[in-house]
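A.B. asks: Take this structure, written in structure tokens, and hold onto it; I'll ask about it next.
What follows is the structure in structure tokens.
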């Protein structure tokens, strides 16, 4: 085999059309061997190539006869001295940190550990057994791909509606997707899936980790796996088990095809990335990649005892993001898991850390959507509201406040006001906007929406940890009975609570994020930590009964309202005052008697009902062509009390007539629209939410007592200006409903 010196960059294995360049960074290694294999399950390399060239701490070689499809790995020589942070062991085959494709999965055995399991010296001992038989193999890929006219949708932040999903779980049980494609990247391009996503109205999918990850030995021993994927081992390789052809590197092309297809449909792709730790665990973990290549360079070690790892993640180790070496898929953004870890300079979280500087100065990364999970498990790791401009954040304060309110907890009103209006207490500084807040009620971690209203307690027995895993503070409420029930009153309340949560989420300022399956009542049977459940506990059940279909239709209505009403997607925070050209203050809060909230009301912990009016003529913004944005004025009434309440609708002038858009007491969206005069009471059901609107052109009377309302698509309207007046009408040619009212 011909061997040429090659080049130090790019890192990884790079096919240039004539041969393959291999480059591996290792600052402290004394020697590196490239190992070539004929098959991914081969236990010993066919060829071993010594890499003699080293440039700026990068070892490199060029093989002019190598081709795409070549399987490979590395053996790295150097000191084995854990006390000094070095764990080199050439008996262990290592994955390429920059591999673009990895074939196969780990076959667990004691040989995968750099030390001798059971030795009295623990990890200070050294294991000489060859690990190649149990290690997946890296694959050389041909990066050529026809992107054609692919263009990212570039949906503005304030128009973004995120759908968090798991690649496998989303389609694993979908009957319209061919069996051989279910659970794969290709399945997300199936027409049935595309039609569903489009009908839902989401603008972006946020994919749970799709990088090659490790299924931990303790899970495999229990017959479980790392379903969520938050245990990365290959940051540049799409997870091979999500590809329909699972061997020769096709997963890269399949992933790109998925992105291209979703872009064509106007849907952005955001990838959840785990750059804070790896699947190698703590000092007693296996030697799979980084640990054997250069442990001291890739990981953050305890300063006064480099045998051990700094663990800000709860996963055993923390990647060394301060090292300059540790930092083309057309994706539209990234959600950074445990992002506070990335901001740590020495020990503390540094809001202006090197990681942020690198991101902000990068001409590509600075232009995509950047989302932080703004916490880690280290001291001072909870950083909600503290990330710099350009970043959006998962807003845990939003999640907890909304749950407390609908649960009926006292004293939640003040926090609710901030959360409904974009969390200005967290984000109104440093040039940030309401869309810095990623609002969510549920996410992959915790209860689903259906379980949030069914369970007070977690039910994680299937995880094999005696229900000890994950937290108990779910801020959930089972509506009176734990788990399944046949009680019709409790079932009705649970359905209404789900509608309340969904409506609150979509009607709040900020960027809504919906957990996949919540719109159809997906349950995990009370498991609030289904990270290891690659089965029907986690997979979406697509067999919908009438009640689940009703919830889906209600969700679709909410999504349409989100897209139709710019007053729900403001780019600036409310001022709480009258804006020039507007009839009323841009934001006003009301109590049930129709009067504005006072300080006494806000400070009363027993208040569980309020209304907020969003003025559509006070948006104080312009569209892309400089035209002033004007919308309907919306009135949102929220009653978390356990009893019905009569709410007097506000009236800032005579003949104000509010149109009822929806009421969560209703099982399904209705085409019947009611008009209620301002100053009149509206009967709010216990634990319910109502949306009303005042059309931007208002309801104007003509000589024939005829009213026109922008409500195209609705077949008839009930008018409650007088108790005996009910009128029906069909859309006229202009798309307006003509309402004849008997005054």
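Residue numbers (our numbering): 3 to 745. Cβ coordinates follow ideal geometry from the N, Cα and C atoms, glycine included. If you're wondering where the values come from, they're calculated on a predicted model, not measured in any experiment.
Just to check, is the beta-carbon of residue 96 closer than 8 Å to a non-hydrogen atom of the ligand SAH?
C.D. replies: Ligands in the displayed structure: none, and consequently the ligand SAH is not present.
A.B. asks: Please name the residue or residues paired with residue 234 in a DSSP beta bridge.
C.D. replies: Residue mapping note: residue 234 aligns to position 232 of the chain shown, counting from 1. Looking at the DSSP assignment, residue 234 forms a beta bridge with 215.
A.B. asks: For the alpha helix (DSSP H) that residue 601 lies in, which residues bound it at each end?
C.D. replies: Position 599 of the chain shown holds residue 601. Following the DSSP letters along the chain, one finds residue 601 inside the alpha helix (DSSP H) bounded by residues 601 to 604.
A.B. asks: For residue 532 and residue 153, I'd like the C-alpha separation in whole angstroms.
C.D. replies: Numbered from 1 along the chain shown, position 530 holds the residue referred to as residue 532. Numbered from 1 along the chain shown, position 151 holds the residue referred to as residue 153. Each residue's Cα considered, the two are about 35 Å apart.
A.B. asks: Please return the same chain residues whose Cβ sits closer than 8 Å to the Cβ of residue 289, not counting the five positions on each side in sequence.
C.D. replies: One-based indexing of the chain shown puts residue 289 at position 287. Once the five neighbours on either side are set aside, the close Cβ partners of residue 289 are 89, 91, 94, 96, 114, 115, 116, 133, 282.
A.B. asks: By how many angstroms is the C-alpha of residue 667 removed from the C-alpha of residue 490?
C.D. replies: By one-based count along the chain shown, residue 490 stands at place 488. By one-based count along the chain shown, residue 667 stands at place 665. One C-alpha to the other measures close to 14 Å.
A.B. asks: Using a 10 Å radius around the Cβ and a threshold of 16 neighbouring Cβ atoms, would you call residue 27 buried or exposed?
C.D. replies: In the chain shown, counting from the first residue as 1, residue 27 sits at position 25. That one is buried.
A.B. asks: Go through the stretch 493 to 530 residue by residue and report every complete run of the beta strand (DSSP E) that reaches 3 residues or more, in order.
C.D. replies: 513 to 517
A.B. asks: To the nearest angstrom, how far is it from the Cα of residue 632 to the Cα of residue 685?
C.D. replies: As a position in the chain shown, residue 632 is number 630, starting the count at 1. As a position in the chain shown, residue 685 is number 683, starting the count at 1. Rounded to the nearest angstrom, the two C-alpha atoms are 29 Å apart.
A.B. asks: Considering only residues of the stretch 377 to 464, which uninterrupted beta strand (DSSP E) runs meet the minimum length of 3 residues and lie entirely inside it, listed in chain order?
C.D. replies: 393 to 396, 439 to 441
A.B. asks: Write down every uninterrupted run of the alpha helix (DSSP H) in the stretch 569 to 624 whose length is 4 residues or greater and which is fully enclosed by it, in chain order.
C.D. replies: 601 to 604
A.B. asks: In terms of residues, what are the limits of the beta strand (DSSP E) holding residue 665?
C.D. replies: Here residue 665 refers to the residue found at position 663 of the chain shown. Per DSSP, residue 665 belongs to the beta strand (DSSP E) from 659 to 665.
A.B. asks: Can you tell me whether DSSP reads residue 16 as helix, strand or coil?
C.D. replies: On the chain shown, residue 16 is found 14 positions in, with the first residue counted as 1. The answer is strand: DSSP assigns residue 16 an E or B state.
A.B. asks: Which whole-angstrom value is the C-beta distance of residue 285 and residue 309, which I expect to be below 8 Å?
C.D. replies: For this step, residue 285 is matched to residue 283 along the chain shown. For this step, residue 309 is matched to residue 307 along the chain shown. The beta carbons of residue 285 and residue 309 sit about 6 Å from each other, so the pair counts as a contact at 8 Å.
A.B. asks: Could you please give the first and the last residue of the uninterrupted beta strand (DSSP E) stretch that includes residue 128?
C.D. replies: As a working mapping, residue 128 is identified with position 126 in the chain shown. Taken as a continuous stretch (DSSP letters only), residue 128 belongs to no beta strand (DSSP E), as it is neither H nor E.
A.B. asks: Using the DSSP secondary-structure output, state which residues sit across from residue 140 in a beta bridge.
C.D. replies: Your numbering for residue 140 matches position 138 in the chain shown. 74, 104, per the DSSP bridge assignment.
A.B. asks: Comparing alpha-carbon positions, which option in 205, 509, 493 lies nearest residue 523?
C.D. replies: Locating residue 523 in the chain shown gives position 521, where the first residue counts as 1. Comparing Cα positions, the closest option is 493.
A.B. asks: Which residues in the same chain have their Cβ closer than 6 Å to the Cβ of residue 732, if we skip the five residues on either side of it in sequence?
C.D. replies: Within the chain shown, residue 732 is the residue found at index 730, counting from 1. The pLDDT assigned to residue 732 is 31, lower than 50, so where the model puts this residue is not dependable; a value taken from the coordinates is nonetheless given after this. Excluding sequence positions up to five before and after residue 732, its CB lies less than 6 Å from no other CB in the same chain.
A.B. asks: If we ignore side chains and look at the alpha-carbon of each, how far apart do residue 359 and residue 343 end up?
C.D. replies: By 1-based counting over the chain shown, the position of residue 359 is 357. By 1-based counting over the chain shown, the position of residue 343 is 341. Roughly 15 Å between the two C-alpha positions.
A.B. asks: Since residue 53 sits in a beta bridge, which residues does DSSP pair it with?
C.D. replies: Looking up residue 53 in the chain shown gives position 51. Bridge partners of residue 53: 34.
A.B. asks: Under the rule that 16 or more other beta-carbon atoms within 10 Å means buried, what is residue 497, buried or exposed?
C.D. replies: In the chain shown, the residue the question calls residue 497 occupies position 495. Buried: at least 16 other Cβ atoms inside 10 Å.
A.B. asks: Grouping DSSP H, G and I as helix and E and B as strand, with all else coil, what is residue 198?
C.D. replies: Position 196 of the chain shown holds residue 198. Note: residue 198 maps to helix in three-state DSSP.
A.B. asks: Rounded to the nearest angstrom, how far is the Cβ of residue 594 from that of residue 516, given a contact under 8 Å?
C.D. replies: Residue numbering aside, residue 594 sits at position 592 when the chain shown is read from its first letter. Residue numbering aside, residue 516 sits at position 514 when the chain shown is read from its first letter. The Cβ separation is near 30 Å, so there is no contact.
A.B. asks: Does DSSP put residue 6 in a helix, a strand or coil?
C.D. replies: Mapped onto the chain shown, residue 6 falls at position 4. DSSP places residue 6 in strand when its eight states are reduced to three.
A.B. asks: I'd like to know whether the C-beta atoms of residue 231 and residue 210 end up nearer to each other than 9 Å.
C.D. replies: Taking the first residue of the chain shown as position 1, residue 231 is located at position 229. Taking the first residue of the chain shown as position 1, residue 210 is located at position 208. Contact: yes.
A.B. asks: Mapping DSSP to helix, strand and coil, what is residue 239?
C.D. replies: Mapped onto the chain shown, residue 239 falls at position 237. Correct three-state label for residue 239: strand.
A.B. asks: Cutting at 8 Å between CB atoms, please list the residues of its own chain near residue 450, excluding the five before and the five after it.
C.D. replies: Sequence index remark: in the chain shown, residue 450 carries index 448 (1-based). So the qualifying residues of the chain are 444, 517, 519, 520, 524, 525, 526.
A.B. asks: Taking 8 Å as the cut-off, does the stretch 332 to 341 touch the stretch 254 to 273 (at least 3 CB pairs, one atom from each stretch)?
C.D. replies: yes
A.B. asks: My output table needs one value for residue 94: the three-state DSSP class, helix, strand or coil.
C.D. replies: Sequence index remark: in the chain shown, residue 94 carries index 92 (1-based). Here residue 94 sits in coil by DSSP.
A.B. asks: Tell whether a beta-carbon distance below 9 Å holds between residue 535 and residue 465.
C.D. replies: Indexing the chain shown from 1 puts residue 535 at position 533. Indexing the chain shown from 1 puts residue 465 at position 463. Yes. Within cutoff.
A.B. asks: Does DSSP put residue 335 in a helix, a strand or coil?
C.D. replies: Numbered from 1 along the chain shown, position 333 holds the residue referred to as residue 335. The answer is strand: DSSP assigns residue 335 an E or B state.
A.B. asks: Considering only the beta carbon of each residue, do residue 375 and residue 345 sit closer than 9 Å?
C.D. replies: Looking up residue 375 in the chain shown gives position 373. Looking up residue 345 in the chain shown gives position 343. It is not a contact, given that the beta carbons lie outside the stated cut-off.
A.B. asks: By the three-class DSSP mapping on this structure, what secondary structure does residue 88 have?
C.D. replies: For the purposes of this step, residue 88 is taken as residue 86 along the chain shown, with counting starting at 1. Residue 88: strand per DSSP, three-state reduction.
A.B. asks: Are the CB atoms of residue 514 and residue 441 within a distance shorter than 9 Å?
C.D. replies: Sequence index remark: in the chain shown, residue 441 carries index 439 (1-based). Sequence index remark: in the chain shown, residue 514 carries index 512 (1-based). Going by C-beta atoms, residue 441 is nearer than 9 Å to residue 514.
A.B. asks: Can the beta-carbon of residue 187 be found closer than 9 Å to that of residue 253?
C.D. replies: Position 185 of the chain shown, counting from 1, holds the residue named residue 187. Position 251 of the chain shown, counting from 1, holds the residue named residue 253. Cβ distance < 9 Å, so residue 187 and residue 253 count as in contact.
A.B. asks: Along the chain, where does the alpha helix (DSSP H) containing residue 361 start, and where does it finish?
C.D. replies: Here residue 361 refers to the residue found at position 359 of the chain shown. Counting along the chain, the alpha helix (DSSP H) containing residue 361 begins and ends at 356 to 363.
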